[in-house]
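Chains as they are written, first to last, in the numbering used here: chain A, 260 to 663; chain B, 260 to 663; chain C, 260 to 663; chain D, 260 to 663.
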């Protein structure tokens, strides 16, 4: 590995890359993992139960701590309420800190109560809207209790048939509910508004695309931003363009990383289209270099949101985190000055080559070196699998907590 | 209604339509409803339980009998094994007949057993493949016991990640399994092989399109045909073209009717794109008029396969059946001679107008008249809702049988 | 026809429809046709030249006058600069008025000059951006000269490869160019900003979706709105939802009507998915009934934008106009009070039925009656085809003006 | 470079890769370039004319010879008739050989004659069908004259509107035409039947998917196979699955390489989704290792088919060829034994990792070494750009031959 790294470093330095700076950037890059990614999930056809799945939030946090232990870049864990509801959040905070972690985004669940059959904040019934808003306010309280600054909002609200709901009424209800939430949030909290093309609504979704999320967020003001989930777009969408656009508007709040080939498949991030993931990071790195977008770019919340239906959960999470880190590392190697020069000269092939060649670089020597310097094993997956934790987990048996 | 019908009939007869023949055709047209369409279903996010859902196959059949009672065109019911597994199929047959119904297609379930996590007939483990084949052979026995002639085969087999499975190995296992099934089937039985673009497999599906189903069916021979589910195609697919192609090849076996806007949404057939449904029936009616395809066309099995996640089940089924009947009735009104003439003359707008104008016709007067002549209420939905059955069903309570 | 209408009217009045009001609405509804829709167009593979295609703007206007003569609802014609550039716009205005027409939207062409190879207002070269802005300013002058109040802006700007352009630089250039245009426009003029998912850019398009057009328009202010072209969305997009959303924001400016099955196919509007067209009008009619959106709804510019590649141009335009009128008429028949009531009650099937049943109505008797009252032939297509104009046009020969 | 290669080779050998064998494979791998890829092309909106574009087939061949000179793997050139029609094919053959090249696939053009407005071999007019067949027979003669063994068949046949054509009539005409062609072909010739989802037909295409091409090819028999163009599928299609399926059936005949994000964008292969290209080669390499599919795999015709609308033609072609070679090289590095073992064990993450890790390898050191051993410059693009040919080409001026 060592000789490999030396040759690698030499080649980059010849190209003028400041390798030390790249390494610093990689070391400070963080990705949040979700508590629900350690539990069972599945499709509408079947949830295959895995042995060793956590039976409580505490066990989910233990699993998350393993991911952080081996990757070194996952110090925070997103929670989902009420899946992760407990009596004493002080205890959660304490336990989390004892694992070297902290709680990240708080995610209200507005889709699994029977009352939400026809929607939550967009329900035609004002009592159900009230209930939904109250649940969000409860999550603000929880966020305060666990010292989290982010509410991550996904609304499953939508309809299945033409005529079922009134688009504009529902839009107004959404805006009103978000305004109530805004009023209850502390000034240093952010709400990240997620959009989704479809599912579970199969005719319309109340926040169907980034433009709708952006419109809502803009009306709310500085506490609201948009959350981009990589699986929530129509086929063919240029996601990196949306990312750049939102960055420029100061409205890019965060990501739910995963990958998809068809619908919202929730596969391991980078597993289906690694180049797209890289191109997204290419925009994020470019944004961080530009004074106009720097502050927004540096506050983007990077979060995993996947469903490991058939693969083991902890290794799948490690793989995801490493894929994200890989894409980020490659994006750091793009020669931005040369790129800009070629863009300005109309050198189509030349500009494309600058971006593409960074992607072609094998960054495993670099990442191995960075990990070494961080006191980690160079191959986190191997280290985890050899640690025995995966076997120990089995003692928990089958039937741990899933999405419900 | 009556005056409406007279004016309607007059207008059609002016155009040279043989209205009596059209009425006869409509009277002999049948659609099969699925036992599982009366039970609870949902998305991966939530199954909203409805009150009054059947607790047994027998109650499902009672619901199906209601649909037949008011529409007059649903005398058969598809079953799903093991969801509808019972000890005594003789009893099922007897009960079904007592309701004026018969059992239609038998659907093996090859996706809900834990063993099928990595596939059923395409599983790398030969014992699981054997188990899957045995389950299909069991379904042949059940088909014999309930006097059904159709096995409807949907394989959820697929993979979630590149490299997970070997496409060609799995293809061979599929072919071998179908051959074993073929050998066990009676000569007057048919297997209908369904294809699906994706879900629950999110990287590949072993029978991903009609071409794969067709290839398997062609190798099996005369007992095998292709089953078209309207929700199982990529966006934009010209389904009526595939229908015509399969008809011409003698390999169109049947339909699973439903509708979709995005993925396999399983919405009420005709609710999202009624023109597409009409264009499909336009091909089926054309095929039935042509000696080359007549036999195939007349043996096509028309079956509903939907998930009524948020709407009441029996009314949703009635609506679906009526939408299918409406599309069929309109297709019968296409002036085929004029259409052919214009097609041969390169009269693009003229040919399009012939097809389109049949769709524009309001066939409610015609269908009302047909129902009157069949001794049915002219508005089946109204008649059902006024019958009190929907209220009576509620006595069953919440928690009837769903997909599992 | 007459008896048909009486029965039809009776049935609607039984349902409480104010038929006279519906007729008035239909009479005041207008659709604009585009000058370029009368000329040759094609695909990248081939432009099939048709005989009789106009050789000048004046002949295009003559063709447009025919469409208005028989449909009665197409008094204005959109023009495309420089395709329709002339020396003396006073002459154009006079000639147009002599035909009983007026000039509608002015469309700058920013994609056919060799300078625009890498973009127009988003070109990295400031001189080309300046040239593009100047062309838009020239169009403002032309609009004044022909008394048009609308500039219809479609930017072909985009890139073909990752890295080719800088998304955020280009966004800023777009915003700056629109601001220059805004400053030059009169207070009673509007710019309608079109968006498009892809083509001719195959990697990214600078205004790729409604959200981007909306963001630009919002920053410009009251003179800017969004233009919806029905062929410019990703597969599966719920266009009626976007329409309702933009209406609610006061930012829906107009439509380019056409239809598509795959990409931006530019087929006759309503020919592929008539139900979608109806659902869009359902939102527009609903918006016009609501004080909040009434003003926006009443100022929406309805424009055809199609490519009649293989079908005769004038009949294709008549068909398109009639399809739009049909969809509008059906939308006027939706029982909005009953719909709202059922929406508020969570009656999914009932609400859907209200919308769907209006679509099922055959409005040909109604439209025939309306035309009779407007002094038009009941069947505009038949009347046009019998008029001899189509034959007379042939004298123009082959080789009229196309897109270039 | 040299030290880089040594480290690279060492790492591969540690993993058990037979690097010499890999190098041999890469050296014998060939890609065909198309004569029309050197000429002007564009979108329906605009063809931007480039300076230096070839004015004759002979100049196209000179450009193709440059691509071969620097890449070493492009010895054959596909031609398009009548674009490349000449009086004396003997002269072409001689000239081609003098450049160290040979003529590859012959492509009949069945879409640019005015007679083909409503189709070629599927035209309702038997005289036009006859004309189309005769053109294909002419191409057989040309193939004999230039010693080509492959006819590459793309039919633009399709319709734009429902009802315009009769799907089944047209299917029969297609089959009859192919049978006539088959009868005229020599036993050692192959026809490769291309399919396409849409465009230029926007409602239906007569050979819309691989299943239709396969059905036609199967009826023709051994001389017919399927041609896969990477831009001709619906969004989301798993192309590598289709490739494996056709390989297994012995019906995979060849490729038209390019890339797409939306429709048939015809971008540089590998520029949008390099992982997909790699996964396709992964199947081809696997197929070549399997006795069952070896012969088919070894006879697959690899051809580029792109439109370089805005980028310089020769460099774009070099880039494409290198991208294909890169994907192939990475596919050769997949550890097939380990992959199979993990597939059989249900090790989802492990199997995925084997495939993915081969993709992550930077093969530039390997390819540089291979080129060195072949007597080529290690960086073909750099060598070409420094050669001065690009400047010399400019003498040809603007207005060379494009698609017409």
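Every residue gets a Cβ at the ideal spot worked out from N, C-alpha and C, and that includes glycine.
| query | Residues in its own chain within less than 8 angstroms of residue 527(D) by CB, not counting five upstream and five downstream? | reply | 517, 518, 565, 567, 570, 575, 578, 579 and 582
| request: Kindly identify the DSSP beta-bridge partner or partners of residue 655(C). | output: None, per the DSSP bridge assignment.
| request: Would you grab the beta carbon distance between residue 343(D) and residue 294(D) for me? Rounded to a whole angstrom, and I think it's under 8 angstroms. | output: 5 angstroms
| task | For residue 642(A), decide whether its Cβ has a neighbour in chain B, counting only Cβ atoms nearer than 8 angstroms. | result | no
| task | Any chance you could list the alpha helix (DSSP H) runs of at least 4 consecutive residues sitting entirely within the segment 577-646 of chain B, in chain order? | result | 595-603, 607-619, 623-632 and 639-645
| said: Could you compute how far the alpha carbon of residue 469(A) sits from the alpha carbon of residue 458(C)? | reply: 21 angstroms
| task | Output yes or no for whether 8 angstroms exceeds the beta carbon distance between residue 622(B) and residue 597(B). | result | no
| What residue range is occupied by the uninterrupted alpha helix (DSSP H) comprising residue 319(A)? | 316-330
| message | Could you check whether residue 336(D) and residue 291(D) sit closer than 8 angstroms to each other, using their CB atoms as the reference points? | response | yes
| field | Residues that DSSP places opposite residue 463(D) in a beta bridge | value | 418(D)
| message | Buried or exposed for residue 357(B), going by 16 or more other Cβ atoms inside 10 Å? | response | exposed
| request: With 7 angstroms as the limit, tell me which residues of the segment 404-424 of chain D have their beta carbon closer than that to any beta carbon of chain A; keep them in chain order. | output: none
| request: Give every residue of the same chain whose Cβ lies closer than 8 angstroms to the Cβ of residue 444(B), excluding the five residues on either side of it in the sequence, and list them in chain order. | output: 399, 410, 450 and 482
| task | Provide the residue(s) that pair with residue 411(B) in DSSP beta bridges, ordered along the chain. | result | 451(B)
| said: When you compare the CB positions of residue 383(D) and residue 309(B), do they come within less than 8 angstroms of one another, or not? | reply: no
| query | Is residue 336(C) near the ligand MG, judged by its Cβ being under 7 angstroms from some heavy atom? | reply | This structure lacks the ligand MG, and indeed carries no ligand of any kind.
| message | Can you pull out the residues from the segment 445-462 of chain C whose beta carbon lies closer than 8 angstroms to at least one beta carbon of chain D? | response | 456, 457, 458, 459, 461 and 462
| So which residues on chain B does residue 495(C) lean against when the C-beta distance must stay under 8 angstroms? | 494, 520 and 521
| field | Collapsed DSSP secondary structure at residue 556(A) in the structure displayed | value | helix
| Bridge partners - residue 310(C), DSSP secondary structure assignment | 657(C)
| Taking only beta-carbon atoms, is residue 647(D) less than 8 angstroms away from chain A? | no
| query | How about residue 349(B) and residue 402(B): are their beta carbons less than 8 angstroms apart? | reply | no
| request: Report yes if the CB atom of residue 502(A) is closer than 8 angstroms to the CB atom of residue 423(C), and no otherwise. | output: no
| query | What did DSSP end up calling residue 390(C) once you bin it into helix, strand or coil? | reply | helix
| said: I need the DSSP call for residue 565(C), collapsed to helix, strand or coil. | reply: coil
| request: Along the alpha helix (DSSP H) that carries residue 349(A), what are the first and last residues, could you check? | output: 348-357
| message | If you follow the beta strand (DSSP E) that residue 428(D) is in, where does it begin and where does it stop? | response | That residue, residue 428(D), is in no beta strand (DSSP E); its alpha helix (DSSP H) goes 426-443.
| request: Can you tell me which of the three DSSP states residue 275(A) falls into? | output: coil
| query | Does the segment 425-442 of chain D touch the segment 469-479 of chain B, meaning 3 or more C-beta pairs lie closer than 8 angstroms? | reply | no
| field | Stretch pair the segment 645-659 of chain A + the segment 279-291 of chain A: three plus CB contacts closer than 8 angstroms | value | no
| So is residue 301(D) in contact with chain C if we call contact Cβ pairs under 8 angstroms? | yes
| Length of the line joining the Cα atoms of residue 507(C) and residue 361(C) | 30 angstroms
| message | Under 8 angstroms, Cβ to Cβ, is there at least one residue of chain C near residue 491(A)? | response | no
| Interface partners of residue 203(A) on chain D, CB under 7 angstroms | Given that chain A is displayed from residue 260 to residue 663, the structure contains no residue 203(A) and the question cannot be resolved.
| task | Taking residue 469(D) as the query, report the chain B residues whose CB atoms sit under 7 angstroms from its CB, ordered along the chain. | result | 470
| Looking at chain B, which residues of the segment 613-625 of chain C have a Cβ within less than 8 angstroms of any of its Cβ atoms? | 615, 618, 619, 620, 621 and 623
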